[in-house]
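Undergrad: For the sequence shown, my numbering puts the final residue at 679, and the numbers step up evenly by one. Got a structure for you, questions after.
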Amino acid sequence: LISSSIMPVFHTKTIESILEPVAQQVSRLVILHEEAEDGNAMPDLTRPVDAVSRAVENLVQVGYDTIHLSDDDILKQDMPPALQRVETSSRLLEEACYVLRDDPYSSQGRKKLIEGSRGILQGTSALLLCFDESEVRKIVRGCKKVLDYLAVAEVIENMEDLVQFVRDISPWLTKMSRDTEAREKELTHHVHREILIRCIDSVKTLAPILICAMKIFIQISAQGGSKGVPEAAENRNYLSSRMIEEVNEVIRVLQLTTYDEDEWNEDDLIVMKKALSAIESLLQAALDWLGDPRALRGGVGEKSLRRILVYAERIADRALPEDASLIRRACSDIASMTDSLCELRHNKQGDSPQSQGLARGIAQKLRELVGGKDIAGLLPHALQGLEQAGIAQPAHTVLGRMDQVLKWLDAPYMDDRGVGLNALKALLAEGRKVADLCSPREKYAMNELCDEIERLSHQLAELQRKGMGDSPQARAIANQLKEKLGELKRMMDRALLDRVVDDFSDITTPLKQFAEAVLAPEGTPARDANFAEKAQNLRDHCQRCAKTGRLVGTSGPCKDKKIVEALCSTANQISNMTPQVINAGKIRFHYPQNVSADEHFENLRRELSDALQRLRSLVDDAVDPLEFVKASVCNSKCERCQKMRSVVMVKNVKMRSVMTNLRKWLTTHPALQDWLIAC
């Protein structure tokens, strides 16, 4: 009774500190009520009820004062009903007190007492939530102001505008950071706190790098040179997009009041919600651009519109087939209509009836896509459809999928709504990804095993469809599948360990060599060829590290959700950042005297280096130390046997890094020492 009807969920420390004592008192009254039902008389509650009445009176007065002083229309709408509920419940308490004072055994008095107590708790909770949501809206307004300024970052083309941009955005960035950090300290859900801290730290890091990138673009463009201009523009756009994504994530998390322990960042619904949140922040700029016949091609509004379509496609990729089809058709129509509108405006025909008709048509289609007060919207409908469909998704890691498959194989006669079979398909897809990392012979063996498992699963699914899931034939196939899956998992683990040893033994040299090529003085022999070679080496190296790191998260032995999500996030960050580091290096290579270019390259180089170090640290945490050491030692022995260069190997950078890992793990895992001695 207490947990389901009375105890609320406290998502901030302030609400918790206010409501926790009230909840405890109400719980005590429930206990007294239950004791009274057993024949005990209710004690005299006159004094505590009087105290509650005075407190409620003060609370109501403060509430109405808050409404009077606030300019938040939602607060003015939502708070009065909560205040009225608290007042009504307080009167019920007083009536209950009078009734019970005259008749301590009155069931009517006890009923009023419980209803009044419960109403005060729930009304106070609603009151505090109202005020809390209003405070969140204030922070969100500041965040949206930052988004408004970031939206124009891509169209600033002279130093005067850049100086004004910095003056305008700086106080809002400071306010957003200060308010979000204060809010973070208030939250009781640690996961929400961690996300907010990460996002704000990222914004603080990216802001000066973005301004530096904008400065470089302006300087190079002003010089009239063609070298480095596309790279500078891409750097700037990448950094502004990253900041926009981080701010949108702050907005999303600020508005959350609950946390699901089973929620994953890579979950389809979470990705769709993030994309929809980003679209809503871009919509007004796009509509403003459509409504201005003189708005230029390539302006903020057009860029916002194009980004909306990108996010909409991201939602379509995860939506149900019927919703995905409608969204893609709408995106295609909007894109082609926007191209036509841009062409007309470029030809100074923005005021023509055709142009204005196109603009109105695009605006209407955008509203139908995104939704609003009067229109449901294709995108919200797609999100709601997936949520309501209740389609059981495969787990997000190979270990989780393996558990789902084994549950299916243990009882193939049970209807699991396709969870086991879908998990098996996802597991095989992951196995084929890991196979791509292997040598040709191992790749062939792993793909053959995947094909065999797939064939057996189709046979079992067919038997299940015919109602023969409990037949001897079905049980035999299920046992075969269990054996094959165990074999596949062992092959995947071994392949991943080998790749970890190869890819993460030395993560610094490619970046160091690229930096040396970037900083090579003009006139150095083969300077251009060396730069191109080292850039390609860095690109290949980072792609391998990102791919392996991502697979260690999704296909490795780690069960820690936090580590797995961090692996996937960091791997994606490295994939996206590497081209930008190469772009920044190319700019510095072409303009060695430009101080801003030198600073910009160093900032991005350092960020990539930190990301690589972070990825390796996460990989170290995700893999089994003993198995890693075995793989490292075995790989070292094989290399020594093949190359017959044992002395050189000890000096090799890769081996030194392996030995560093060995020393680190030996200090924390004494069992490893015993294993090595036994070897």
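Every residue gets a Cβ at the ideal spot worked out from N, C-alpha and C, and that includes glycine. Predicted, not measured: the structure shown is a model, and the values here were computed from it.
Closer than 6 Å by C-beta to Phe601: which residues in its own chain qualify, once you throw out the five before and the five after it? Chain order, please.
TA: Closer than 6 Å at the Cβ level, and outside the excluded window around Phe601, lie Ala584, Gly585, Arg588.
Undergrad: Quick check: Ile315 and Leu383, are their CB atoms within less than 9 Å of each other?
TA: Yes. Within cutoff.
Undergrad: Please go through the same chain and pick out, in chain order, the residues whose beta-carbon is closer than 7 Å to the beta-carbon of Asp168, but skip the five residues on each side of it.
TA: If we look at Asp168 and ignore the five residues flanking it on each side, its Cβ neighbours are Tyr149.
Undergrad: Closest to Glu693 by CA distance: which of Asp415, Met491, Ile477, Gln459 is it?
TA: Any property of residue 693 remains undetermined from this structure, which presents the chain solely from 1 to 679.
Undergrad: What residue does the alpha helix (DSSP H) around His190 start on, and which one ends it?
TA: Note, His190: alpha helix (DSSP H), 190–223.
Undergrad: Measuring straight from C-alpha to C-alpha, what distance separates Cys542 and Arg178?
TA: Approximately 35 Å, taken between the alpha carbons.
Undergrad: Here's a check: name, in chain order, each residue in its chain whose Cβ is nearer than 6 Å to the Cβ of Glu246, leaving out the five neighbours to either side.
TA: Excluding residues within five positions, the ones whose Cβ falls inside 6 Å are Cys199, Ser202, Val203.
Undergrad: For Ile563, I'd like the list of residues in its chain whose CB is within less than 7 Å of its CB, leaving aside the five on either flank, ordered along the chain.
TA: Around Ile563: Leu618, Asp621, Ala622.
Undergrad: How big is the Cα-Cα spacing for Gly377 and Ala295?
TA: The alpha-carbon atoms of Gly377 and Ala295 are separated by roughly 26 Å.
Undergrad: Using a threshold of 9 Å, state whether the C-beta atoms of Asn603 and Ile251 are closer than that.
TA: Result no, Cβ atoms of Asn603 and Ile251 do not sit closer than 9 Å.
Undergrad: Tell me, which residues are paired with Leu287 by DSSP?
TA: In DSSP, Leu287 forms no bridge with anything.
Undergrad: So, is His458 buried or exposed, given that buried needs 16 or more other C-beta atoms within 10 angstroms?
TA: Per the 10 Å Cβ criterion, exposed.
Undergrad: Let's test the definition: count the other Cβ atoms within 10 Å of the Cβ of His396 and tell me whether it reaches 16, buried, or not, exposed.
TA: Buried, by the Cβ-count rule.
Undergrad: Since Lys348 is in the alpha helix (DSSP H), which residue starts that stretch and which ends it?
TA: Here Lys348 belongs to no alpha helix (DSSP H), and DSSP marks it neither H nor E.
Undergrad: Run through DSSP, which three-state label would Thr570 get?
TA: Three-state result, Thr570: helix.
Undergrad: Residues in its own chain within less than 7 Å of Phe217 by CB, not counting five upstream and five downstream?
TA: Excluding positions up to five away in sequence, the list reads Ala232, Ala233, Arg236.
Undergrad: Taking all protein chains shown into account, decide if Met577 is buried (16 or more other Cβ within 10 angstroms of its Cβ) or exposed.
TA: Label assigned to Met577: buried.
Undergrad: Inspect the beta-carbon positions of Ile582 and Leu538 and report whether they are closer than 9 Å.
TA: Cβ atoms of Ile582 and Leu538: closer than 9 Å.
Undergrad: Between Asp268, Asp78, Val49, Val86, which has its C-alpha nearest Gln61's C-alpha?
TA: Checking every option, the nearest Cα to that of Gln61 belongs to Val86.
Undergrad: Excluding the 5 residues preceding and the 5 following Glu115 in the sequence, name in chain order all residues of the same chain whose CB lies nearer than 7 Å to its CB.
TA: Closer than 7 Å at the Cβ level, and outside the excluded window around Glu115, lie Leu92.
Undergrad: Just confirm the distance between the C-beta atoms of Thr554 and Val398, as a whole number of angstroms; I'd bet it's less than 8 Å.
TA: That pair is a contact at about 6 Å.
Undergrad: Please state the DSSP three-state secondary structure of Leu456.
TA: In the structure shown, Leu456 sits in a helix (DSSP, three-state: H, G or I).
Undergrad: Report whether the distance from the Cβ of Leu497 to the nearest heavy atom of the ligand GTP is below 8 Å.
TA: The ligand GTP is not part of this structure, which contains no ligands at all.
Undergrad: Closest by CA to Gly298, which one among Glu313, Glu94, Glu343, Leu254?
TA: Of the candidates Glu313, Glu94, Glu343, Leu254, the one whose C-alpha sits nearest the C-alpha of Gly298 is Glu343.
Undergrad: Secondary structure at Thr508, three-state DSSP: helix, strand or coil?
TA: Residue state, collapsed to three classes: coil.
Undergrad: Would DSSP call Leu187 helix, strand or coil?
TA: In this structure, Leu187 counts as strand in the three-state DSSP scheme.
Undergrad: Is it true that the segment 270–279 meets the segment 170–177, where meeting means three or more beta-carbon pairs spaced less than 8 Å apart?
TA: Touching, no.
Undergrad: Measuring alpha carbon to alpha carbon, tell me which of His192, Leu113, Ser134, Gly119 ends up nearest His11.
TA: Checked all of His192, Leu113, Ser134, Gly119; the closest Cα to His11 is His192.
Undergrad: Nearest CA to the CA of Ile18: which residue from Arg441, Val310, Asp132?
TA: Closest by alpha carbon: Asp132.
Undergrad: Along the alpha helix (DSSP H) that carries His68, what are the first and last residues, could you check?
TA: His68 -> alpha helix (DSSP H) spans 46–69.
Undergrad: Can you name, in chain order, every residue of its own chain whose Cβ lies under 7 Å from the Cβ of Glu186, other than the five neighbours on each side?
TA: For Glu186, where only same-chain residues beyond five positions count, the Cβ hits under 7 Å are Thr12, Lys13, Thr14.
Undergrad: Quick check on Val163: buried or exposed, where buried means 16 or more other Cβ atoms within 10 Å of its Cβ?
TA: When all chains shown are included, Val163 counts as exposed.
Undergrad: Taking Cβ positions, are Ala426 and Trp408 nearer each other than 9 Å?
TA: No.
Undergrad: My assumption, with CB atoms under 8 Å, is that Val166 sits in contact with Ile220. Please give the rounded CB distance.
TA: At roughly 19 Å, the Cβ-Cβ gap does not stay under 8 Å, so Val166 and Ile220 are not in contact.
Undergrad: Compare the C-alpha of Asp351 against each of Leu113, Arg183, Leu290 and name the closest.
TA: Per the Cα distances, Leu290.
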